[in-house]
Every structure is written in C-alpha cells, then in structure tokens.
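Trainee: Sharing a structure here in structure tokens format.
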Amino acid sequence: MAEDLQKQNQINIELSEEVAEGEYANLAMIAHSSSEFVIDFIRLMPGLPKAKVKSRIVITPEHAKRLLAALADNINKFEASFGDIKQSQDAPSFPMNFGGTVGEA
Numbered sequence: 359m360a361e362d363l364q365k366q367n368q369i370n371i372e373l374s375e376e377v378a379e380g381e382y383a384n385l386a387m388i389a390h391s392s393s394e395f396v397i398d399f400i401r402l403m404p405g406l407p408k409a410k411v412k413s414r415i416v417i418t419p420e421h422a423k424r425l426l427a428a429l430a431d432n433i434n435k436f437e438a439s440f441g442d443i444k445q446s447q448d449a450p451s452f453p454m455n456f457g458g459t460v461g462e463a
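Note that this note's numbering numbers the sequence shown so that position 30 is 388, with each residue one more than the last.
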C-alpha cells in the first residue's frame, strides 16, 4: 500500500538537451505583486552597456518561499562540504565594472 502511494506521488520531470545546457547569469533582479514573484536572470558582460535577460521565471509567493528555503538548505550543504562562500563587503554598483576602463570626471 505504501508503495502505491509513492507511485501516485511521483512526478516524471523531462529535461530537454537545450535546457540541460543551462544559461549563465551573474545578476538576478526580483520584483513582486500580490500574486506572483518575477525573477529575471541577467548576464552582464564586460564593456557592454547593455545586459540581457537570459531567463524570466514567474512563481507564486508560496513557491518563492519554498525556493528561499531550498536555496538556504543547499547553500548550507555546500558550505559544509567546501567552506564558506566569500562575499565582498560592498554590494556591486551599476554599471558593474569587469576590469575595463572607467571614465573619470
């Protein structure tokens, strides 16, 4: 009987080759309304004034909270295995400088 319940609760998840390759993003911007959270994953490239949104994910507030918990759990497990993730003291400013030239006034 327990095995039947497990089979009923299983979800088959399909992952296409294209999606499995992933998209690189080095910035995420998050907005919300009363009914949804919108997460834009963005790729900033050095020396380019334009950044591209590579993926937009829209989720419910309940799923956003689950995502937060899952991310925290995974970060804790990562740090237990590989050590603390280092963060710079300052939040990045915009536009971000990737080592290119910066104009001075």
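Virtual Cβ for every residue (Gly too), placed ideally from N, Cα, C.
Taking contact to mean at least 3 C-beta pairs separated by less than 8 Å, is the region 365 to 376 in contact with the region 384 to 403?
Mentor: no
Trainee: What distance in whole Å lies between the Cβ atoms of residue 410 and residue 401, which are believed to be in contact at a cut-off of 8 Å?
Mentor: Residue 401 to residue 410, Cβ: 5 Å. Contact.
Trainee: When you compare only the Cα positions, how much space is there between residue 416 and residue 405?
Mentor: 30 Å
Trainee: Using DSSP with H/G/I as helix, E/B as strand and the rest coil, what is residue 439?
Mentor: Helix.
Trainee: In the DSSP assignment, what are the bridge partners of residue 401?
Mentor: 410
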